[in-house]
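Q: Numbering (the numbering used here), first residue to last: 304 to 631.
Glycine residues also receive a C-beta, built at the ideal position from the N, C-alpha and C atoms.
Everything numeric in this text was worked out from a predicted model, so none of it was measured.
1) DSSP three-state label for residue 453, please.
2) Hey, which unbroken runs of the beta strand (DSSP E) at 3 residues or more fall wholly within the stretch 530 to 591?
3) Is DSSP giving residue 516 helix, strand or coil here?
4) Cβ atoms of residue 377 and residue 403: under 8 Å apart, would you say?
5) Compare the beta carbon distance of residue 398 and residue 612 with 8 Å and say whether it is the shorter of the two.
6) Residue 560: which of 332, 337, 339, 355 sits nearest, CA to CA?
7) Which value, in whole angstroms, describes the spacing of the CA atoms of residue 457 and residue 384?
8) Hey, could you find the ends of the alpha helix (DSSP H) residue 385 is sitting in?
9) List in chain order: all unbroken alpha helix (DSSP H) runs of 4+ residues lying wholly within the stretch 409 to 484.
10) Can you find the residues in the same chain that come closer than 6 Å, C-beta to C-beta, to residue 527, ignoring five residues on each side of it along the sequence?
11) Going by DSSP in three states, residue 328 sits in which element: helix, strand or coil?
12) Using only the alpha-carbon positions, how far apart do residue 465 and residue 507 sit?
13) With three or more beta-carbon pairs closer than 8 Å as the criterion, would you say the stretch 581 to 597 touches the stretch 357 to 365?
14) What are the partner residues of residue 510, as DSSP defines its beta bridges?
Rendered as structure tokens:
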């Protein structure tokens, strides 16, 4: 037997297996990150999850020693961004800023190709924020109770706008109407900004949007805020009552932004990212910046965020079934 030939064969086989080992398996959490991190945002610059991602990205750059590059990939209800994420190497170097609307997509859209519970790995819920119920100044009421009473007395007469059919605002408002026996006409738009513009033009009587989107118009007196959707009053607008306070017991609707990464990313890397994100959103300067936009820092663990995503999907399936909301 030619021992030299056997030795060369063994070395070649070993080398082949080494080459085939996925890079992520060769990298420990202590070595992570080894290159810049791509932070995909599924909306255009300026939206709430974009500004949140940029605030977090700056802190992660400092904490992890690698640049975090925000990459805006809007379109197709987020599918373009999720496609990029799911095709990335599962090594923690590609992140995505998800929102509460994405689990809803899985529930209501038969053609939506991505399930956060199957195709991504949760990292951390970054923030939560309430919506503001706002009205055009010309409407004949100045508080939430009067709005509901009008919707009972004149079913379907009042129009409200949202960023789209089956959006969180759409489902959240239909839940209110169902609970209170009031009827309103939903007008979907391609984003929150067009819905606000339609209200300013008098085409809509009220809407449901975030503080960051509404503040310029509130300050100018072009719209009137009458309630907030969260469990508690909003620190940025402490005088506004919650919807629950105004006669819808137990009502709570909150938008959230959270970070996910590619499926099958090693837990050690996920946990390192989760801790860094929690530190980022709780840092005084970022927390102050988020509060100005009506957001509350969360910084959950990966496990807690995964639980939230699953509970949201269960909740909205139940709501759609019980209310009979028309989604087409």
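A: Taking the geometry as given:
1) Helix, per DSSP.
2) If we require 3 residues or more, the beta strand (DSSP E) runs fully inside the stretch 530 to 591 come out as 557 to 565.
3) Three-state result, residue 516: helix.
4) Not closer than 8 Å, so no.
5) The criterion of a C-beta distance shorter than 8 Å is not satisfied by residue 398 and residue 612.
6) Nearest of 332, 337, 339, 355 to residue 560, Cα basis: 355.
7) Looking at the backbone, the Cα of residue 457 and that of residue 384 are separated by about 42 Å.
8) For residue 385, the uninterrupted alpha helix (DSSP H) run begins and ends at 382 to 389, by DSSP.
9) Taken in chain order, the unbroken stretches of alpha helix (DSSP H) that lie wholly in the stretch 409 to 484 and span 4 residues or more are 419 to 422, 447 to 456, 471 to 483.
10) Taken in chain order, the residues that qualify are 438, 440.
11) A caution first: residue 328 carries a pLDDT of 48, below 50, which makes its placement in the model unreliable, though a value can still be read off. Three-state DSSP puts residue 328 in a helix.
12) Those two C-alpha atoms are separated by around 10 Å.
13) The way I'd put it, the stretch 581 to 597 does touch the stretch 357 to 365; three or more beta-carbon pairs between them come closer than 8 Å.
14) Beta-bridge partners of residue 510 (DSSP): 437, 464.
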